[in-house]
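**Student:** Numbering (full-length UniProt numbering), first residue to last: 1 to 199.
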Amino acid sequence: MPAVQLDTSDIKAIVFDLDNTLVSSNMNFQWLREQVGCPQEHDLLSYVDDIQCPQQSAKATELILQHEMDDAAHSAPMPGCLTLLSFIEKNDLHTAIITRNCEMAALRKVTHNRLNISRIITREHFPPKPAPDSLLALANEWALKPHQVLYVGDYLYDLQAAFNACMPSCLVTNGKDSLFHAHASVVVKQLDELVELLS
Numbered sequence: 001m002p003a004v005q006l007d008t009s010d011i012k013a014i015v016f017d018l019d020n021t022l023v024s025s026n027m028n029f030q031w032l033r034e035q036v037g038c039p040q041e042h043d044l045l046s047y048v049d050d051i052q053c054p055q056q057s058a059k060a061t062e063l064i065l066q067h068e069m070d071d072a073a074h075s076a077p078m079p080g081c082l083t084l085l086s087f088i089e090k091n092d093l094h095t096a097i098i099t100r101n102c103e104m105a106a107l108r109k110v111t112h113n114r115l116n117i118s119r120i121i122t123r124e125h126f127p128p129k130p131a132p133d134s135l136l137a138l139a140n141e142w143a144l145k146p147h148q149v150l151y152v153g154d155y156l157y158d159l160q161a162a163f164n165a166c167m168p169s170c171l172v173t174n175g176k177d178s179l180f181h182a183h184a185s186v187v188v189k190q191l192d193e194l195v196e197l198l199s
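#1: Determine the DSSP secondary structure at H147, reduced to helix, strand or coil.
#2: Note down, in chain order, each residue of its chain lying with its Cβ closer than 7 Å to the Cβ of L194, except the 5 sequence neighbours on either side.
#3: Can you have a look at G37 and say buried or exposed, based on whether 16 or more other CB atoms are within 10 angstroms of its CB?
#4: Does the distance from the C-beta atom of A139 to that of V152 stay below 8 Å?
#5: Identify the residues that DSSP records as bridge partners of G153: which are they?
#6: For N101 and N113, what's the separation of their Cα atoms in angstroms?
#7: Return helix, strand or coil for P132, following the three-state DSSP convention.
#8: Run through DSSP, which three-state label would D92 get?
#9: According to DSSP, what are the bridge partners of A13?
#10: May I have a chain-ordered list of the alpha helix (DSSP H) segments no shorter than 4 residues that lie completely inside the segment 44-87?
#11: Alpha carbon to alpha carbon, what distance is there between V186 and D177?
#12: Determine which residues share a DSSP beta bridge with I121 and list them.
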């Protein structure tokens, strides 16, 4: 999967993933998979959606919710996050969060970390990433072309969602090795590097 070319002079909106992009997250997905019986090769949310037994489905959903809420309480802004959000505000750029988190946990993370972002899209609102629906809805809401919206995330699903929406993407590595460089329009170690790139 290639990446959509980024023209920084065209960018009118910056949209973010939440976990380990804007705020820290220590979600133990291996433990969650074991608890709900989800095989390693399956997407966790899709697996839970497909559970036929109502009681089993409810238990799995409750486990994920509790884990997300605990994670939210212990989250902190990622390096460069507040600097980039200040830049966005000063330059009147549109911004939003698109996350696979549930709405309750996403709101708690945003409030807990005092992030000045009011537009938050979660898995309750649109099909979760890598589906492009949420990104395309935002572009339409803001009357922007896809190439004017930059999506920033730390994982392959983020880059796939941007590609599927014909939007440029930014991979933030947080200083760690990543296998996803080739799928991103631009790669940064931390968020405030985008300030210089977009200035």
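Note that the Cβ used here is the ideal one computed from N, Cα and C, for glycine as well.
**Tutor:** Quick look at the numbers:
#1: Here residue 147 refers to the residue found at position 147 when the sequence shown is read from its first residue. Collapsing the DSSP output to three states places H147 in a helix.
#2: In the sequence shown, counting from the first residue as 1, residue 194 sits at position 194. Cβ neighbours of L194 beyond the five flanking positions: L84, C170 and V188.
#3: Indexing the sequence shown from 1 puts residue 37 at position 37. When all chains shown are included, G37 counts as exposed.
#4: Start at 1 with the first residue of the sequence shown, and residue 139 comes out as number 139. Start at 1 with the first residue of the sequence shown, and residue 152 comes out as number 152. A distance of 8 Å or more separates the beta carbons of A139 and V152.
#5: As a position in the sequence shown, residue 153 is number 153, starting the count at 1. DSSP lists L171 as partners of G153.
#6: If you number the sequence shown from 1, residue 101 lands on position 101. If you number the sequence shown from 1, residue 113 lands on position 113. The straight-line gap separating the alpha-carbon atoms of N101 and N113 is approximately 16 Å.
#7: Here residue 132 refers to the residue found at position 132 when the sequence shown is read from its first residue. Coil.
#8: Mapped onto the sequence shown, residue 92 falls at position 92. When secondary structure is reduced to three states using DSSP, D92 falls in the coil class, being assigned neither helix nor strand.
#9: Counting from one through the sequence shown, the residue named residue 13 turns up at place 13. Beta-bridge pairing links A13 to H94 and V149.
#10: Look at the segment 44-87 and you find these whole runs of alpha helix (DSSP H), each 4 residues long or longer: 44-49 and 54-73.
#11: The residue labelled residue 177 in the question sits at position 177 within the sequence shown. The residue labelled residue 186 in the question sits at position 186 within the sequence shown. Spanning the alpha carbons of D177 and V186 requires a straight line of approximately 15 Å.
#12: Translated into positions along the sequence shown, residue 121 becomes position 121. As a beta-bridge residue in DSSP terms, I121 pairs with I98.
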